[in-house]
Amino acid sequence: MICERGGRKRNPPSRKFVANRGNTEGSPFSLEPTLSGTTMTDREALRRALNSAVTLQRVDQYQGKLADLKRQFGHSIEILEPAGNYNCFAYAFGLADHPDFEALVLKTGKTAVMNSAFAAAELARADIIEMTQREAQPNDIVAYFSEDVLKHAGKIFSVSAAPILRSKWGPGELHAHGLEEVPWSYGERIRFFQSPDPKPVLDRLYAAEGVA
């Protein structure tokens, strides 16, 4: 699953993997069992359960499932906002509430106008700085890969003892969560990037869509 689709149905009328800290050279991080008090099986079970949970179509069912998983695994996941007209990549790059991005969504009719291929190409640019987890600061990008395929991205909200991220999951809501508290399908490798200036990214996105 790549986070490029659009909206969970509301009720009528309502609805642990950690980056390898031993790596300090800026290369991709592997997800490994270092969370205190949690076994690999527990974390894998949580991530696989999240994979299933995000497919639920009704908001109340999804919220109930997250509550069940919190009782079972003690996760820190919170829903912050309902689904909006953007995907995880637009949010991670700081474009989601930019007027020019909102205008592009309206012109193209695509909420996932910034798709995984475009986001991956942006992260590969020479002017995008990759860093270690220790160097990453609030608003920097956290990218999740399955092997070499970009699957998901979020941005850092806080960097206390354990980083707290914010990211949009698939067609669903904006979430706050720990680094390893993501669906299984988002991959096993994490990389960190300095947040770029959104204006040049938007200019390239407009050009890629052929919109003046």
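Those letters in the sequence shown? Residues 10 to 221, by our numbering.
Just so it is clear, CB atoms sit at the ideal spot from N, CA and C, and this is done for glycine as well.
Remember, it's a predicted structure, so these values are computed and weren't measured experimentally.
Quick one: grab the DSSP three-state call for residue i.
{"i": "residue 168", "result": "strand"}
{"i": "residue 163", "result": "strand"}
{"i": "residue 19", "result": "Because residue 19 carries a pLDDT of 49, less than 50, the predicted location of this residue cannot be relied on, and no value is offered for it."}
{"i": "residue 114", "result": "helix"}
{"i": "residue 189", "result": "coil"}
{"i": "residue 102", "result": "coil"}
{"i": "residue 132", "result": "helix"}
{"i": "residue 216", "result": "helix"}
{"i": "residue 194", "result": "helix"}
{"i": "residue 50", "result": "helix"}
{"i": "residue 63", "result": "coil"}
{"i": "residue 125", "result": "helix"}
{"i": "residue 31", "result": "Residue confidence for residue 31 is low, a pLDDT of 36 falling below 50, so the modelled location carries little weight and cannot support an answer."}
{"i": "residue 119", "result": "coil"}
State the start and end residues of the unbroken alpha helix (DSSP H) segment that holds residue i.
{"i": "residue 68", "result": "68-82"}
Find the nearest neighbour of residue i within the set the options, judged by alpha-carbon distance.
{"i": "residue 168", "options": "186, 178 and 158", "result": "186"}
{"i": "residue 8", "options": "170, 184 and 51", "result": "The displayed coordinates of the chain run from 10 to 221. Any statement about residue 8 would go beyond what the structure contains."}
{"i": "residue 3", "options": "111, 77 and 140", "result": "Residue 3 lies beyond the residue range present for the chain, which begins at 10 and ends at 221; the question has no answer from this structure."}
{"i": "residue 221", "options": "68, 90, 107 and 117", "result": "117"}
{"i": "residue 150", "options": "201, 129 and 197", "result": "201"}
{"i": "residue 58", "options": "76, 67, 68 and 69", "result": "76"}
{"i": "residue 148", "options": "50, 204, 61 and 219", "result": "204"}
{"i": "residue 153", "options": "126, 189, 124 and 195", "result": "195"}
Is the beta carbon of residue i less than 8 Å from the beta carbon of residue j?
{"i": "residue 102", "j": "residue 172", "result": "no"}
{"i": "residue 180", "j": "residue 92", "result": "yes"}
{"i": "residue 95", "j": "residue 176", "result": "no"}
{"i": "residue 191", "j": "residue 161", "result": "yes"}
{"i": "residue 60", "j": "residue 178", "result": "no"}
{"i": "residue 228", "j": "residue 53", "result": "A question about residue 228 goes unanswered here, because the residues of the chain that appear run from 10 up to 221."}
{"i": "residue 137", "j": "residue 131", "result": "yes"}
{"i": "residue 65", "j": "residue 82", "result": "no"}
What are the boundary residues of the beta strand (DSSP E) that includes residue i?
{"i": "residue 152", "result": "150-155"}
{"i": "residue 89", "result": "87-90"}
{"i": "residue 143", "result": "Element bounds for residue 143: n/a, residue is neither H nor E."}
*Report yes or no: do the segment 107-119 and the segment 201-216 share at least 3 C-beta pairs separated by less than 8 Å?*
Three or more beta-carbon pairs separated by less than 8 Å link the segment 107-119 to the segment 201-216, which places the two stretches in contact.
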